[in-house]
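Take a look at the structure set out below.
In the working numbering, the protein residues as written are 1235 to 1508.
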């Protein structure tokens, strides 16, 4: 009986010690959990913030920093009056339209729409149909002048595409140039989304020799020409694209930076034609 009691007592003692140990462990776990909760809460907030910043960065990159480009176009271009008109000193800095320019329309038109543009700029893609509409609506009165202004830091492919358009002109003349750039703006997703390997294909589609176009690009034949147009834009005060100038026969110049609307352009063109 005594032996049974001792055994039972020892068993009970073991259970009690085991329960005490579990309670102690539970208490420690609870204490540890209480300490960890604030830390985990802070970490979750930091993680949420980091994810939010990453999402914002990715969104910005997907848009190709278009906001930055637009800001540069507005802030970096020459200062103009509220109606966009430049002073005579500022107007004089814009290179005159010459035979080396790509002109859609008559060289004797009363008004020129001079566009400094980048093939991979999303705002330029948006503006291209606007300029086409202006040209069509004012046929014979307004001529469209296209000049290269590749933003290398944003769009590394734009300069090569600009040279490709010159190579298209080299084969097919002025009409081939305009057809080629119409095609690029039609298909490019912007922001370096166009595959440069497609450029010869575009040439072939309009009856040009794609192999010769690629050879022309590789030769660097028009690197200097594109750079000269870019530097002309710098002289004019352009830093963003599209940078658009309305120039009339009197020498008056109006500045329209960015993808402006048809109505905005028409208001000024009507004034320029008077």
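Just so you know, even glycine gets a beta-carbon here, dropped at the ideal spot from N, CA and C. Only a predicted model underlies this, so the values are computations on that prediction, with no experimental measurement involved.
{"Check": "Assigned exposure category for residue 1454 - 16 Cβ within 10 Å defines buried", "Outcome": "exposed"}
{"Check": "Residue 1450 at chain C interface by Cβ criterion, 8 Å", "Outcome": "Considering every chain present, this structure includes no chain C. It has just one protein chain."}
{"Check": "For residue 1489, three-class secondary structure by DSSP", "Outcome": "strand"}
{"Check": "Alpha carbon of residue 1493 to alpha carbon of residue 1360, nearest angstrom", "Outcome": "6 Å"}
{"Check": "Spatial distance of residue 1324 from residue 1422 (CA atoms)", "Outcome": "33 Å"}
{"Check": "Opposing strand residues paired with residue 1345 [DSSP bridges]", "Outcome": "1376 and 1482"}
{"Check": "Length-filtered (4 minimum) alpha helix (DSSP H) runs lying within the region 1422-1447", "Outcome": "1433-1439"}
{"Check": "Residue nearest to residue 1496 in terms of C-alpha spacing, selected from 1480, 1425, 1338 and 1335", "Outcome": "1480"}
{"Check": "Residues near residue 1463 by beta carbon distance below 6 Å, same chain, minus five either side", "Outcome": "1381 and 1382"}
{"Check": "Under the three-state DSSP convention, the category residue 1509 falls into", "Outcome": "Coverage of the chain is limited to positions 1235 through 1508, which leaves residue 1509 absent and any answer about it impossible."}
{"Check": "N-terminal and C-terminal residue of the beta strand (DSSP E) that residue 1336 is part of", "Outcome": "1336-1338"}
{"Check": "Close Cβ partners of residue 1367 (< 6 Å) along its chain, the five nearest in sequence each way excluded", "Outcome": "1496"}
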